[in-house]
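Undergrad: Numbering (this note's numbering), first residue to last: 264 to 716. Each residue gets a CB set at the ideal place from its N, CA and C atoms; glycine is no exception. Only a predicted model underlies this, so the values are computations on that prediction, with no experimental measurement involved.
Below is the structure:
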């Protein structure tokens with residue numbers, strides 16, 4: 264295919280974006296005259312664009328050329344429009360490439376020191392040309408084409424969705440939720456606004472998110488590399504299926520939200536404010552347009568009226584991170600088939616007796632000498648009383664805990680533990696996973712208080 268034909272088809276795309284007009288504007292002044300100075304600059308410096316890192320799976324090699332005063336990244340089988348040459352502060356020369364997803368994996372860097380062609384991040388300028396019926400397709404295609412690049416992350420995809428002006432704020436929220444791009448805090452506040460059901464799939468999606476570098480803010484929290492090597496997606500899927508409604512509440516710290524956020528009028532919260540969209544457009548100081556702090560301050564005032572303060576958000580995030588750390592620790596230990604619920608249920612059991620049996624030494628995960636390598640979930644040392652929370656895997660075959668063989672071994676260990684308790688005069692209370700936990704705990708507490716020790 265000749266050069267002219269490749270250039271002609273470089274503007275074609277299924278999203279109806281007028282890429283040709285966008286490209287031509289790069290060499291036009293504000294008064295619609297050609298910017299001859301810019302055109303001459305491009306021609307004089309095009310020889311400096313000699314480091315090209317780019318792969319579209321179509322062409323085997325590329326060069327930057329000038330054609331009719333415009334720049335193009337031309338390959339032997341494909342072509343892409345480029346913006347004007349930029350001389351960076353690091354004394355390198357480069358051009359932005361106007362590139363749209365095209366059903367191929369595309370590799371292009373943002374490293375100005377090593378490549379003369381960089382991905383054009385200001386795609387926000389033209390995404391609003393996309394029809395609403397094609398926007399979801401665009402996002403899906405975008406992820407397919409660019410997701411192998413290190414720059415294609417949570418911020419980039421969120422930016423495309425939040426800057427698209429042809430859908431409502433609620434539709435933006437739903438898209439962010441669909442693509443797992445909401446922060447945990449946004450997800451939970453949205454739960455109270457839209458009243459959607461939080462499912463086991465949501466737990467799984469969240470845990471998978473924290474395995475990745477690309478679709479989560481790594482400053483927030485990320486599973487260790489070694490954890491990802493030990494725990495695969497299938498294992499996480501099996502684990503997330505074990506969460507019941509109470510586990511989900513504790514995982515997302517709903518009690519904290521309900522005790523701190525003003526939920527009575529939460530339906531009045533503008534989704535734009537929750538997501539931080541168009542703050543500088545929506546909050547303008549008419550009297551002083553150069554008061555750059557005004558939009559941010561007004562935005563914070565709005566959030567504060569629901570007690571969605573930075574302090575509340577930070578405390579929620581810290582509690583959530585603590586949960587993730589406990590889960591990560593627990594998952595790493597489950598290779599030894601540790602009981603389900605040590606993350607949640609055992610903690611509940613331990614805290615209950617710690618709070619209600621003051622003056623006694625309540626120990627979590629304790630092993631008296633006579634118990635060998637086994638442990639009690641909770642042990643009251645002075646009373647020689649043990650409490651065990653038995654998850655579903657003690658009664659049914661569950662693949663996460665080793666299937667049929669895991670069930671068999673669990674039941675053997677349970678019988679051994681009961682025998683050792685009998686031989687050592689230890690009172691053992693067992694809480695089954697399908698019992699009312701609160702009722703059972705209070706019954707055990709009453710019985711302990713009535714014992715004549």
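Might you give, ordered along the chain, the residues of its own chain that have their beta carbon closer than 6 Å to the beta carbon of residue 619, omitting 5 neighbours on each side?
TA: For residue 619, where only same-chain residues beyond five positions count, the Cβ hits under 6 Å are 708.
Undergrad: How do the segment 557–567 and the segment 527–544 stand: do at least 3 beta-carbon pairs fall below 8 Å, yes or no?
TA: As far as the Cβ criterion goes, the segment 557–567 touches the segment 527–544, which means the pair count is three or higher.
Undergrad: Buried or exposed for residue 528, please, with buried defined as at least 16 other CB atoms from any protein chain shown within 10 angstroms of its CB.
TA: Counting Cβ neighbours within 10 Å, residue 528 comes out exposed, since fewer than 16 surround it.
Undergrad: What is the residue span of the alpha helix (DSSP H) that residue 581 lies within?
TA: Element bounds for residue 581: 573–596.
Undergrad: Which class does residue 344 belong to by DSSP, given the choice of helix, strand or coil?
TA: Residue 344: strand per DSSP, three-state reduction.
Undergrad: Are the CB atoms of residue 650 and residue 692 nearer to each other than 8 Å?
TA: Yes, the Cβ-Cβ distance between residue 650 and residue 692 is below 8 Å.
Undergrad: Can you name the start and end residues of the beta strand (DSSP E) that residue 641 belongs to?
TA: It spans 639–643 - the beta strand (DSSP E) in which residue 641 sits, taken as one unbroken run.
Undergrad: Just how far apart, CA to CA, sit residue 478 and residue 405?
TA: At residue 478 the pLDDT is 46, less than 50, meaning the model places this residue with poor confidence; the figure from the coordinates comes in the next sentence. Distance between the alpha carbons of residue 478 and residue 405 is about 14 Å.
Undergrad: Taking 7 Å as the cut-off, is the CB of residue 656 close to at least one heavy atom of the ligand FMN?
TA: The ligand FMN is absent from the structure shown, which contains no ligand whatsoever.
Undergrad: Give me the residue from 484, 579 and 503 with the minimum Cα distance to residue 519.
TA: Comparing Cα positions, the closest option is 579.
Undergrad: What's the C-alpha gap between residue 644 and residue 630?
TA: Each residue's Cα considered, the two are about 10 Å apart.
Undergrad: Whole angstroms are fine: how far does the CA of residue 455 sit from the CA of residue 362?
TA: Using only the alpha carbons, I get a separation of about 39 Å.
Undergrad: Secondary structure at residue 486, three-state DSSP: helix, strand or coil?
TA: It is coil, neither helix nor strand.
Undergrad: Give the straight-line distance between the Cα atoms of residue 568 and residue 428, rounded to the nearest whole angstrom.
TA: Between residue 568 and residue 428, the C-alpha separation is close to 26 Å.
Undergrad: Examine chain C for any beta-carbon lying closer than 8 Å to the beta-carbon of residue 521, and answer yes or no.
TA: In the structure shown, chain C does not exist; there is a single protein chain.
Undergrad: For residue 326, list the residues DSSP reports as bridge partners.
TA: Per DSSP, 337.
Undergrad: Of the choices 554, 548 and 537, whose alpha-carbon is the least far from that of residue 573?
TA: It is 537.
Undergrad: Out of 613, 634 and 570, state which residue places its alpha-carbon closest to the alpha-carbon of residue 640.
TA: That would be 613, whose Cα lies nearest to the Cα of residue 640.
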